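> Following this message is one structure expressed as structure tokens.
Number of protein chains: 2
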Amino acid sequence: MKRNERIGAIIKILSSNPNKIFTLNFFTDKFDSAKSSISEDIVIAKRIMENMKLGKIETLSGAAGGVKYIPCVSKEDTKLLMDELCSKLKDENRILAGGFLYTSDIMFNSSIIKRAGEVFATQFSHKNADYVVTVETKGIPLAVMTADALNLPLVVARRDSKVSEGSTVSINYISGSTDRIQKMSMSKRAVKQGSRAIVIDDFMKGGGTARGIVDILTEFEIEVVGIGVLISTKKPEKKLVEDYISLIFIDEVDSENKKIQVYPNNNL
Amino acid sequence: MKRNERIGAIIKILSSNPNKIFTLNFFTDKFDSAKSSISEDIVIAKRIMENMKLGKIETLSGAAGGVKYIPCVSKEDTKLLMDELCSKLKDENRILAGGFLYTSDIMFNSSIIKRAGEVFATQFSHKNADYVVTVETKGIPLAVMTADALNLPLVVARRDSKVSEGSTVSINYISGSTDRIQKMSMSKRAVKQGSRAIVIDDFMKGGGTARGIVDILTEFEIEVVGIGVLISTKKPEKKLVEDYISLIFIDEVDSENKKIQVYPNNNL
């Protein structure tokens, strides 16, 4: 195999498996090449990714050593994604009865959501989390894409406890968007006590649902080390959780004049 | 930029955006290179992917022409995935009360589910579908990964109609695993009449849920052109839908002797 063939294959394999460590031996076996050649290939692959701002390739030394790809979305690409989201969200046809916005087409658009998941992975990569946690339903694609980018297991809290979840822990919480008491349950098999979690959801208004996830994780003595939502409302300014990252803010939905005011998170 | 740098970047960009067409101009602009050089790069990238069985790169001529990456899981890699799934599923600790199996850790493992989604994309790539459709909850990660690999929008039917879905169509169906009447609803905004859909779900026993999805899609005059499930039970042999693809079959769950019999789909 020629050098450029090996480099192409290395980049494909690493970037399809974010944050998964591959040993040098894996590639020497796969390509039937010397360790020294593979090492040079990796140096070049690393430079390509960095120059093109396509993420990072990191080499780890030691017994558990090897090489891995870390998704890392540049500021420019984050801005592009947020601008695309804002322009989609401004569409007046999204306005539903009661001032709600239809967003399922965005939340279930894998191409958008995959990039958003990589943005959260970029923001939370240093948090040493053990899980990505969400509650059903609309946040699941975003959470699974974030989990994939971080190479972490996804945990999905359910609205009802299901027989297929085994024994569960349940809590009641108040959802901000409906102001009603809701139930959330989590399988005991899904998580380990004393671990760390990143919470991901599609939408935050009062923060009640995110607070509910934090509370149910507290029952398992799990620390929440980051909260990310795709969209949050500007009001109420005080949410039931602190320190969350929102990609997009909704300022106002004016049903009468059919105007939706949204803006991107300029801190990202 | 050197050739091997361009090839590496082309492979990363294409494979991160399955089934999305990129024009040659996109790459000539990005790399500030001549069209002839990029064309040669693509020929090499194509050969790398084919030789290494990492998927296909296809060039399309004409006005809407360009180049795209098509995920294509080899028979060997499909077998590896199915064997990994079987060995995970055989774990006796999965047995829950009533002979149910705990599978959430698998269904929410993005690395496994991404590969399974690519297997379904490989199987259904020629079906010219417009949507991937599932019903909440556990099949969503698999469906979103399939949708991503096929570059199709995902549509998620809900158990209840939500205010955030706008006007919906609802049906009642009988779930095979619980034998109870359940409700399923789909947003009118999510789909267009006369289109084609691939149905994806995590698990099939009697096929009642899949039948429900087919029925609700019929209300929208949408043709189901493929059904894929990760796991199905051997019994009942006659399901309520025909022509489905299952990666794994469960033959028997013997709660008393703690034995689970599973086997892979040898036709894939």
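Read top to bottom, the protein sequences are chains A and B.
Residue -16 is where the first sequence starts when you use the numbering used here, and the numbers rise one by one after that.
Residue -16 is where the second sequence starts when you use the numbering used here, and the numbers rise one by one after that.
Every residue gets a Cβ at the ideal spot worked out from N, C-alpha and C, and that includes glycine.
Source: prediction; values computed, not measured.
(1) Does the separation of the CB atoms of Ile53(B) and Glu41(B) fall below 8 Å?
(2) Compare the C-beta of Val127(A) with all C-beta atoms of chain B and state if any pair is closer than 8 Å.
(3) Go ahead and label Pro1(B) buried or exposed: buried means 16 or more other beta carbons lie within 10 angstroms of its beta carbon, across all protein chains shown.
(4) Can you tell me whether Asp237(B) is helix, strand or coil according to DSSP?
(5) Answer yes if the stretch 73 to 91 of chain A comes into contact with the stretch 111 to 126 of chain A, meaning at least three C-beta pairs across the two stretches below 8 Å, and no otherwise.
(6) Mind pulling the chain A residues with CB within less than 7 Å of Met187(B)?
(7) When you compare only the Cα positions, how much space is there between Lys110(A) and Val236(A)?
(8) Check the Cβ-Cβ distances between Leu72(B) and every residue of chain A, and say whether any is below 8 Å.
(9) Going along the stretch 77 to 105 of chain A in order, which residues come within less than 8 Å of chain B, judged by CB to CB distance?
(10) Closer than 8 Å by beta-carbon distance: list the chain B residues that pair up with Ala112(A), in chain order.
(11) Here's the rule I'm using: 16 or more other beta-carbon atoms within 10 Å means buried, otherwise exposed. How should Asn(-13)(B) be labelled?
(12) Can a CB atom of chain A be found closer than 8 Å to the CB of Thr6(B)?
(13) Could you tell me which residues DSSP puts in a beta bridge with Thr117(A)?
(14) Got a sec: which bits of the stretch 202 to 236 of chain B sit with their beta carbon under 7 Å from any beta carbon on chain A, in order along the chain?
(15) Give a yes or no on whether the C-beta atoms belonging to Ile228(A) and Val245(A) are separated by under 8 Å.
(16) So the beta strand (DSSP E) Glu41(B) belongs to, where does it begin and stop?
(17) In chain A, which residues lie less than 9 Å from Ser147(B) when you measure between Cβ atoms?
(18) Determine the direct distance from the alpha carbon of Ser108(A) to that of Arg(-11)(A), and round the result to whole angstroms.
(19) Would Glu59(B) count as contacting chain A if we go by Cβ distances under 8 Å?
(20) Please decide whether Ser170(A) counts as near chain B, where near means a Cβ-Cβ distance under 8 Å.
(21) Is it buried or exposed, Gly81(A), if we count other Cβ atoms within 10 angstroms and call 16 or more buried?
(22) For Asn155(B), which beta-bridge partners are listed by DSSP?
(23) Around the C-beta of Ala130(B), are 16 or more other C-beta atoms found within 10 angstroms, so that it is buried, or is it exposed?
(24) Using a Cβ cut-off of 8 Å (strictly closer), state whether Asn134(B) contacts chain A.
(25) In whole angstroms, what separates the C-alpha of Asn8(B) from that of Ile78(A)?
(26) Going by alpha carbons, who is nearest to Asn76(B) out of Ile243(B), Pro247(B), Asn249(B) and Asn248(B)?
(27) Between which two residues does the beta strand (DSSP E) harbouring Ala17(B) extend?
(28) Could you name each continuous beta strand (DSSP E) segment of 3 residues or more that falls completely within the stretch 205 to 251 of chain B, going from the start of the chain to the end?
(29) Could you check whether the stretch 167 to 186 of chain B touches the stretch 147 to 156 of chain B, counting it as contact only if at least three pairs of C-beta atoms, one from each stretch, sit closer than 8 Å?
(30) Judging by CA-CA distance, which residue of Met65(B), Asp184(B), Thr201(B) and Lys36(B) is the nearest neighbour of Cys256(B)?
(31) Establish whether the CB of Glu75(B) and some CB of chain A are separated by less than 8 Å.
(32) Excluding the five sequence neighbours on either side, which residues of its own chain have a C-beta within less than 6 Å of the C-beta of Asp113(B), listed in chain order?
(33) Helix, strand or coil for Met(-16)(B) per DSSP?
(34) Report the CB separation of Leu230(B) from Gly190(B) in whole angstroms; it is logged as a contact under 8 Å.
(35) Assign Ile164(A) to buried or exposed, taking buried as 16 or more other Cβ atoms, counted over all protein chains shown, within 10 Å of its Cβ.
(36) Would you say Met35(A) lies against chain B (beta-carbon separation less than 8 Å)?
Let's see:
(1) Against the second sequence, residue 53(B) aligns to sequence position 70. Against the second sequence, residue 41(B) aligns to sequence position 58. Against a cut-off of 8 Å, the Cβ pair of Glu41(B) and Ile53(B) comes out as a contact.
(2) Translated into the one-based positions of the first sequence, residue 127(A) becomes position 144. At least one CB atom of chain B sits nearer than 8 Å to the CB of Val127(A).
(3) Translated into the one-based positions of the second sequence, residue 1(B) becomes position 18. By the Cβ neighbour-count rule, Pro1(B) is buried, with 16 or more other Cβ atoms within 10 Å of its own.
(4) What you label residue 237(B) is simply residue 254 of the second sequence in a count that begins at 1. Judged by DSSP in its simplified three-state form, Asp237(B) adopts strand.
(5) The count of Cβ pairs closer than 8 Å, one atom from the stretch 111 to 126 of chain A and one from the stretch 73 to 91 of chain A, reaches three, so the stretches are in contact.
(6) Start at 1 with the first residue of the second sequence, and residue 187(B) comes out as number 204. Within chain A, not a single residue places a beta-carbon under 7 Å from that of Met187(B); the smallest gap is close to 14 Å.
(7) Locating residue 110(A) in the first sequence gives position 127, counting from the first residue. Locating residue 236(A) in the first sequence gives position 253, counting from the first residue. Distance between the alpha carbons of Lys110(A) and Val236(A) is about 34 Å.
(8) Counting from 1 along the second sequence, the entry for residue 72(B) is found at position 89. Not closer than 8 Å to any Cβ of chain A, the Cβ of Leu72(B) fails to qualify, so no.
(9) Listed by position, the residues of the stretch 77 to 105 of chain A near chain B (Cβ gap below 8 Å) are Leu79, Ala80, Gly81, Phe83, Leu84, Tyr85, Thr86, Ser87, Asp88, Phe91, Asn92, Ser93, Ser94, Ile96 and Lys97.
(10) Reading the first sequence from its first residue, position 129 is the one you call residue 112(A). Those within 8 Å of Ala112(A) in chain B number zero; the least Cβ separation is about 14 Å.
(11) Here residue -13(B) is taken as the residue at index 4 of the second sequence, counted from 1. With 16 or more Cβ atoms within 10 Å of its Cβ, Asn(-13)(B) is classed as buried.
(12) Sequence index remark: in the second sequence, residue 6(B) carries index 23 (1-based). The Cβ of Thr6(B) sits no closer than 8 Å to any Cβ of chain A.
(13) Here residue 117(A) is taken as the residue at index 134 of the first sequence, counted from 1. Answer is Val139(A), bridged to Thr117(A).
(14) None of the residues of the stretch 202 to 236 of chain B has a beta carbon lying less than 7 Å from any beta carbon of chain A.
(15) Stepping through the first sequence from its first residue, residue 228(A) is reached at position 245. Stepping through the first sequence from its first residue, residue 245(A) is reached at position 262. Going by C-beta atoms, Ile228(A) is not nearer than 8 Å to Val245(A).
(16) Here residue 41(B) corresponds to residue number 58 of the second sequence, with the count starting at 1. Where Glu41(B) is concerned, the enclosing beta strand (DSSP E) stretches over Lys39 to Leu43.
(17) As a first step, residue 147(B) is located in the second sequence; it is residue number 164 there, counting from the start. Listed along the chain, the chain A residues whose CB falls inside 9 Å of the CB of Ser147(B) are Leu79, Phe83, Leu84, Tyr85, Thr86, Ser87, Lys121, Ser160 and Phe186.
(18) Counted from its first residue, the first sequence places residue -11(A) at position 6. Counted from its first residue, the first sequence places residue 108(A) at position 125. Distance between the alpha carbons of Arg(-11)(A) and Ser108(A) is about 28 Å.
(19) Stepping through the second sequence from its first residue, residue 59(B) is reached at position 76. By this cut-off, Glu59(B) is not an interface position.
(20) Counting from 1 along the first sequence, the entry for residue 170(A) is found at position 187. Chain B has a Cβ within less than 8 Å of the Cβ of Ser170(A).
(21) Within the first sequence, the letter at position 98 stands for residue 81(A). By the neighbour-count rule (16 or more Cβ atoms within 10 Å), Gly81(A) is not buried but exposed.
(22) If you number the second sequence from 1, residue 155(B) lands on position 172. Lys166(B).
(23) Here residue 130(B) corresponds to residue number 147 of the second sequence, with the count starting at 1. Flag for Ala130(B) reads buried.
(24) The residue you call residue 134(B) lines up with position 151 of the second sequence. By the rule that beta-carbons nearer than 8 Å mark a contact, Asn134(B) touches chain A.
(25) Working through the second sequence from its first residue, we reach residue 8(B) at position 25. Working through the first sequence from its first residue, we reach residue 78(A) at position 95. Answer to the nearest angstrom: the Cα atoms are 37 Å apart.
(26) Taking the first residue of the second sequence as 1, we reach residue 76(B) at position 93. Among Ile243(B), Pro247(B), Asn249(B) and Asn248(B), the Cα nearest to that of Asn76(B) is on Ile243(B).
(27) The count along the second sequence starts at 1 and reaches residue 17(B) at position 34. Premise fails: Ala17(B) is in no beta strand (DSSP E) and is neither H nor E.
(28) Secondary structure within the stretch 205 to 251 of chain B: the beta strand (DSSP E) runs of 3 or more consecutive residues, fully enclosed, are 206 to 216, 227 to 237 and 242 to 247 (chain order).
(29) By the criterion of at least three beta-carbon pairs nearer than 8 Å, the stretch 167 to 186 of chain B is in contact with the stretch 147 to 156 of chain B.
(30) Because chain B here runs from -16 to 251, residue 256(B) falls outside it and cannot be looked at.
(31) Counting from one through the second sequence, the residue named residue 75(B) turns up at place 92. Cβ-Cβ to chain A under 8 Å: no for Glu75(B).
(32) Translated into positions along the second sequence, residue 113(B) becomes position 130. So the list reads Ser178 and Arg179, once near-sequence residues are dropped.
(33) Within the second sequence, the letter at position 1 stands for residue -16(B). Residue state, collapsed to three classes: coil.
(34) Your numbering for residue 230(B) matches position 247 in the second sequence. Your numbering for residue 190(B) matches position 207 in the second sequence. With 8 Å as the limit, Leu230(B) and Gly190(B) do not qualify as a contact, their Cβ atoms being about 16 Å apart.
(35) The residue given as residue 164(A) occupies position 181 in the first sequence. Counting every other CB atom within 10 Å of its CB across the protein chains shown gives Ile164(A) a total below 16, marking it as exposed.
(36) The residue given as residue 35(A) occupies position 52 in the first sequence. So yes, Met35(A) belongs to the interface.
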